[in-house]
């Protein structure tokens, strides 16, 4: 084991003013190994990666890399690359308006003489070798997200890296695309590259990884072979608590709403400028339903139409059994509808405003332009929800952009809970946040339903939908292809419905 | 975490830099010639006992700029761009003001009528810019380029190509002094206006809405804010400010010259916003910063005049000082300053405060 170690980090510590981000953490990576780095948000995964890639300087500790005898010091991402460490980040950091080949070679080597013809040829070879389905001369922006992600990997690999760090590379990919990326990772593994894989998807960890290192609160909990650490043990190590809460959720009895429960919202032939097929939809008081389907199947567009986030082009809407006209988000808000958007950063948070302002925003808008909340009242609201949802923030005046993803999500959730909605639409509320918060959010959804709030819940993780929803609306190619209730709601049945005719051929 | 901390410190120091710059200008003058600060009590042409001196000229002379800087800050915050037609629009508003005054005997109600008319016209032109920006998503600078070019010719046409003067003691009450009050009236107007704006920010959600739209328009819309309306509103407020600035200037000088009135003031107004530590890319803003910025610019100008720099050369000197202020206030330099300070004191300063 010792001999094929490609990277070893010993006793790494890093302190930011007021926060101990890493304390005496060890990490060992072997050749040809896919190693998951797991931990909740704020556990120190990103900090560890950033120390390794030279974005941050470590306070103490030692880093060794195979082939270099002495301890190495990494002061910049450039130096990290020179030492054979490459990183692919969650957000694609390439230039969409350049070609694949240009993206693979930009910023490297000598700028004066670049023979693009030979570069294109070389890029083509790499793409073939790694079985990436695109051509070197194609403009990157026209490729699918998965291919873009793979080009980023190819670029990293071509820099003769020994260590490849993949920081949440799969969060915006659909299942098929993830599979493509995984086969690329397996290929690299067989070539002896050590891969550090960071993800929130447990399934993926167990599908592809060999070892797991778990961090919690900046400290090393341990490194384990995958076979020695079943899922529930992993979760409990990440969260630092026993599994009561999770299993409690698993056995939580979903409340079925009666047939005679009043209908809160119903739509007939609804469609929006985003081009979804006109659909009918209804939700009863206290019901939790969900839209499922592959990425791009139109589930987000559907709920956006329900809320009026995109301009509604046709259809009738009835709220509380009275005809309603929704021409802007404010109209739905006035009818007691709340919408937590899928794209937290683009549509949800107001980055530079404080946590307090972000929390009160929707209620403030409802109250009106000429009636700002007195500061004390706004602070009381913010304080209540920061405590209620356990939002971790230095203070309520901290800009929301400096919070971790999960805490930002909680703040947006707080924003809508504060408006006391009768119907809440949550589009991917659990994406990109740690498992503990995911469980909390699901529990919250069930609690809201018990209190009579109707909820539409969307998640890419079918397991979450099965725990929370009592009805699932299945979508494919921007139209509804099925509705599942009660006993029909199983993982396989959902897959079959999504796949539709395709499975019958198989 | 590191990032948030810097942001926090920066926002803490947003007013610190412009105030420090103002302080430097004052200290510089104190060393150069302490009599720069002397305030005399004199009797002016109308027989009023009034204050006079460089400090008074600075605060008085910056009045138009201060009013425009406030509105420019709002437009910047909401639209992530600047209106470069404020000087031209002020020429139009001033011309309308004079046109109405000259058609009547100048009495207080007529002055008010003239101001309201000028206001309405300026708001209409503001809405024109605003519509281009809000509905057609045109860069504010490009949108206002039209009025920047066409504004003064329009002003020319309003008074038939003449540069008529208006003469009335009532107007001099607005432009210079009210009998019995030794402080120039424009200063009083700015104070009143400042109080009104502060109240508006306190008793409406203007600040929250405009900042939300400027920071993340899509998110603002999903929370029920109408971004188009907020952008139009910012330009309407700019229209009001433009007409106030135009009217003050007409009363101060006693005539309207559409070619020269408040010439180049758009650049000073944008500079005031930047010097005040507000991002020209929109979003969060601090009006006080822009107002301080306006006074810095005027203080510089008066200092340079006091040093007998020719009026042509003044702009060049101003440019140098302004570059220095803007560079020192830039995030890059700030980051280095914070690092330097941490290294010098060798301790995590904010450890307790942040927990």
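Residue numbers (my numbering), protein chains in the order written: chain H, 78 to 583; chain E, -2 to 352. Backbone N, C-alpha and C fix where the C-beta goes; we use that ideal spot for every residue, glycine too.
Top-ranked residue by Cα proximity to residue i, from the options
{"i": "residue 142 of chain H", "options": "H/403, H/86, H/297 and H/282", "result": "H/86"}
{"i": "residue 461 of chain H", "options": "H/508, H/492 and H/480", "result": "H/492"}
{"i": "residue 152 of chain H", "options": "H/172, H/520, H/129 and H/466", "result": "H/129"}
{"i": "residue 483 of chain H", "options": "H/440, H/475, H/571 and H/513", "result": "H/513"}
{"i": "residue 371 of chain H", "options": "H/116, H/266, H/563 and H/536", "result": "H/536"}
{"i": "residue 205 of chain H", "options": "H/244, H/115 and H/177", "result": "H/177"}
{"i": "residue 155 of chain E", "options": "E/121, E/299 and E/95", "result": "E/95"}
{"i": "residue 320 of chain E", "options": "E/11, E/18, E/12 and E/13", "result": "E/18"}
{"i": "residue 240 of chain E", "options": "E/114, E/276, E/205 and E/333", "result": "E/114"}
{"i": "residue 283 of chain H", "options": "H/403, H/362, H/518 and H/114", "result": "H/114"}
{"i": "residue 203 of chain H", "options": "H/183, H/223, H/227 and H/192", "result": "H/227"}
{"i": "residue 123 of chain E", "options": "E/311, E/245 and E/230", "result": "E/230"}
{"i": "residue 586 of chain H", "options": "H/167, H/145 and H/166", "result": "It is not possible to answer for residue 586 of chain H, since the shown part of chain H is limited to 78 through 583."}
{"i": "residue 188 of chain E", "options": "E/24, E/59 and E/311", "result": "E/59"}
{"i": "residue 575 of chain H", "options": "H/561, H/551, H/463 and H/563", "result": "H/551"}
{"i": "residue 259 of chain E", "options": "E/32, E/309 and E/91", "result": "E/91"}
{"i": "residue 454 of chain H", "options": "H/436, H/104 and H/467", "result": "H/436"}
{"i": "residue 116 of chain H", "options": "H/291, H/162 and H/428", "result": "H/291"}
{"i": "residue 252 of chain E", "options": "E/88, E/295 and E/105", "result": "E/88"}
{"i": "residue 230 of chain H", "options": "H/302, H/410, H/273 and H/409", "result": "H/273"}
{"i": "residue 37 of chain E", "options": "E/24, E/316, E/180 and E/153", "result": "E/180"}
Neighbourhood of residue i by C-beta, 8 Å cutoff - its chain only, sequence neighbours within 5 removed
{"i": "residue 271 of chain H", "result": "83, 84, 106, 107, 108, 109, 110, 112, 239, 240 and 241"}
{"i": "residue 98 of chain H", "result": "91, 92, 121, 124 and 295"}
{"i": "residue 445 of chain H", "result": "none"}
{"i": "residue 222 of chain E", "result": "206, 209 and 210"}
{"i": "residue 278 of chain E", "result": "77"}
Segment limits, beta strand (DSSP E) that includes residue i
{"i": "residue 38 of chain E", "result": "37 to 40"}
{"i": "residue 163 of chain H", "result": "162 to 165"}
{"i": "residue 141 of chain H", "result": "137 to 142"}
{"i": "residue 555 of chain H", "result": "Premise fails: residue 555 of chain H is in no beta strand (DSSP E) and is neither H nor E."}
{"i": "residue 365 of chain H", "result": "365 to 369"}
{"i": "residue 505 of chain H", "result": "Residue 505 of chain H -> no beta strand (DSSP E), and no H or E assigned at all."}
Local Cβ density within 10 Å of residue i, reported as buried at 16 or more and exposed below that
{"i": "residue 119 of chain H", "result": "buried"}
{"i": "residue 441 of chain H", "result": "buried"}
{"i": "residue 30 of chain E", "result": "exposed"}
{"i": "residue 35 of chain E", "result": "exposed"}
{"i": "residue 465 of chain H", "result": "exposed"}
{"i": "residue 109 of chain E", "result": "exposed"}
{"i": "residue 100 of chain E", "result": "exposed"}
{"i": "residue 432 of chain H", "result": "buried"}
{"i": "residue 313 of chain E", "result": "exposed"}
Beta-carbon proximity list for residue i, same chain, < 7 Å, skipping 5 on both sides
{"i": "residue 15 of chain E", "result": "272, 273, 274, 286, 289, 290 and 293"}
{"i": "residue 234 of chain E", "result": "68 and 71"}
{"i": "residue 504 of chain H", "result": "377, 380, 417, 418, 419 and 535"}
{"i": "residue 330 of chain E", "result": "324"}
Nonlocal neighbours in the same chain, by C-beta distance under 6 Å from residue i, ignoring five residues either side
{"i": "residue 145 of chain E", "result": "81, 82 and 85"}
{"i": "residue 98 of chain E", "result": "111 and 163"}
{"i": "residue 176 of chain E", "result": "45"}
{"i": "residue 157 of chain H", "result": "130, 131 and 151"}
{"i": "residue 249 of chain E", "result": "172"}
{"i": "residue 500 of chain H", "result": "341, 342, 414 and 531"}
{"i": "residue 140 of chain E", "result": "126, 129 and 130"}
{"i": "residue 334 of chain E", "result": "none"}
Element boundaries [alpha helix (DSSP H), containing residue i]
{"i": "residue 236 of chain E", "result": "224 to 250"}
{"i": "residue 83 of chain H", "result": "Unbroken run through residue 83 of chain H is the beta strand (DSSP E), 82 to 93; no alpha helix (DSSP H)."}
{"i": "residue 380 of chain H", "result": "376 to 384"}
{"i": "residue 410 of chain H", "result": "406 to 411"}
{"i": "residue 199 of chain E", "result": "182 to 200"}
{"i": "residue 122 of chain H", "result": "122 to 129"}
Exercise. Is the stretch 66 to 81 of chain E in contact with the stretch 303 to 312 of chain E, if contact means three or more CB pairs nearer than 8 Å?
Worked result: no
Exercise. Do the stretch 351 to 364 of chain H and the stretch 556 to 565 of chain H touch if we need at least three Cβ pairs shorter than 8 Å?
Worked result: A contact exists between the stretch 351 to 364 of chain H and the stretch 556 to 565 of chain H.
For this session: Could you say if the stretch 193 to 210 of chain E and the stretch 50 to 57 of chain E meet the contact criterion of at least three C-beta pairs nearer than 8 Å?
Result: no
Exercise. Do three or more CB pairs link the stretch 158 to 173 of chain H to the stretch 213 to 224 of chain H at distances below 8 Å?
Worked result: yes
For this session: Specify whether the stretch 180 to 195 of chain E and the stretch 128 to 139 of chain E touch according to this definition: at least 3 beta carbon pairs, one from each stretch, less than 8 Å apart.
Result: no
Exercise. Given 8 Å as the limit, is there contact between the stretch 117 to 126 of chain E and the stretch 215 to 224 of chain E, that is, 3 or more CB pairs closer than that?
Worked result: no
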